[in-house]
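A short write-up of the structure that comes next.
There are 2 protein chains.
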Amino acid sequence: MRTLKIDEVRFDERGLVPVVTQDAHTKEVLMLAYANRETLLESLEIKKMVYFSRSRNQRWLKGETSGNYQELASLNLDCDGDTVLAMVHTSGPACHNGTSTCFEED
Amino acid sequence: MRTLKIDEVRFDERGLVPVVTQDAHTKEVLMLAYANRETLLESLEIKKMVYFSRSRNQRWLKGETSGNYQELASLNLDCDGDTVLAMVHTSGPACHNGTSTCFEED
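Going down the list, the protein sequences come from chains A and B. If you're matching positions, the first sequence starts at 13 in the working numbering and goes up one per residue. If you're matching positions, the second sequence starts at 13 in the working numbering and goes up one per residue.
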């Protein structure tokens, strides 16, 4: 894996980058969300995934409400630097619908 | 998995939706790309992944140049309809760098 270096990330015109979040154990793709420079740095620091919510226009510590934090295993960057792949360990559902991933039927 | 129904996809202001492409066998996340309505419908029809290239602003049949087509196993949609998860079978590298995924070191 290509380990993320913050200065290699190509953020879009909104200052965001899409993050694909994958369960490090099951390999399931849990969700796609967005991050900015600050939330990527915070994720690396606290070892939990922190995103930037486009709908609420604010920092989003995943699990802050539900308790289902995503413990960070690794942050990786793709070949052209415009997509992040987060490998995480979870203890509960990733989706607000209560399903393990956001790609399941309700 | 929530099977994609085209009328449930929420395309962005450019008419695009991000597509996370995962190897159906190894479960590796291969790449993130974008599709529009037409290329999603074509992918379903020809059972190979067709994206929309933002840099070239045109339809992009993955594998047309390299021969490394992505045979479509399933197209799925996330809970809020704004991300597609494509499960594919591949016979060669996903990345133009020659690596199996776009998240590997060159």
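Quick reminder that beta carbons are idealized off the backbone N, C-alpha and C, glycines included. Note that the structure is a prediction, hence the values are computed from the model and not measured.
Buried/exposed call for residue i, threshold 16 Cβ in 10 Å
| i | result |
| --- | --- |
| Ser-78(A) | exposed |
| Gln-70(B) | exposed |
| Thr-51(A) | buried |
| Leu-16(A) | buried |
| Asn-109(A) | exposed |
DSSP beta-bridge partners of residue i
| i | result |
| --- | --- |
| Phe-64(A) | Arg-71(A) |
| Glu-83(A) | Lys-60(A) and His-101(A) |
| Leu-44(A) | Val-32(A) |
| Asn-88(B) | Thr-15(B) and Leu-97(B) |
C-beta neighbour in chain B for residue i, strict 7 angstroms
| i | result |
| --- | --- |
| Met-61(A) | no |
| Asp-19(A) | no |
| Lys-39(A) | yes |
| Asn-48(A) | no |
| Asp-35(A) | no |
| Leu-44(A) | yes |
| Phe-23(A) | no |
Within-7 angstroms CB hit, residue i to chain A
| i | result |
| --- | --- |
| Met-99(B) | no |
| Asn-109(B) | yes |
| Val-29(B) | no |
| Asn-80(B) | no |
| Thr-95(B) | yes |
| Arg-26(B) | no |
| Glu-117(B) | yes |
Beta-carbon proximity of residue i to residue j, cut-off 7 angstroms
| i | j | result |
| --- | --- | --- |
| Lys-60(A) | Tyr-46(A) | no |
| Cys-107(B) | Cys-91(A) | yes |
| Glu-40(B) | Thr-113(B) | yes |
| Val-100(A) | Thr-38(A) | no |
| Ala-98(A) | Leu-89(A) | no |
| Leu-73(A) | Ser-55(A) | no |
| Val-29(B) | Val-21(B) | yes |
| Arg-14(A) | Glu-76(B) | no |
| Thr-42(A) | Asp-35(A) | This sequence places Leu at residue 42(A); Thr is not what is there. In contact: Leu-42(A) and Asp-35(A) (Cβ atoms closer than 7 angstroms). |
*Could you run through the segment 63-76 of chain B and flag, in chain order, every residue whose CB is less than 8 angstroms away from some CB of chain A?*
none
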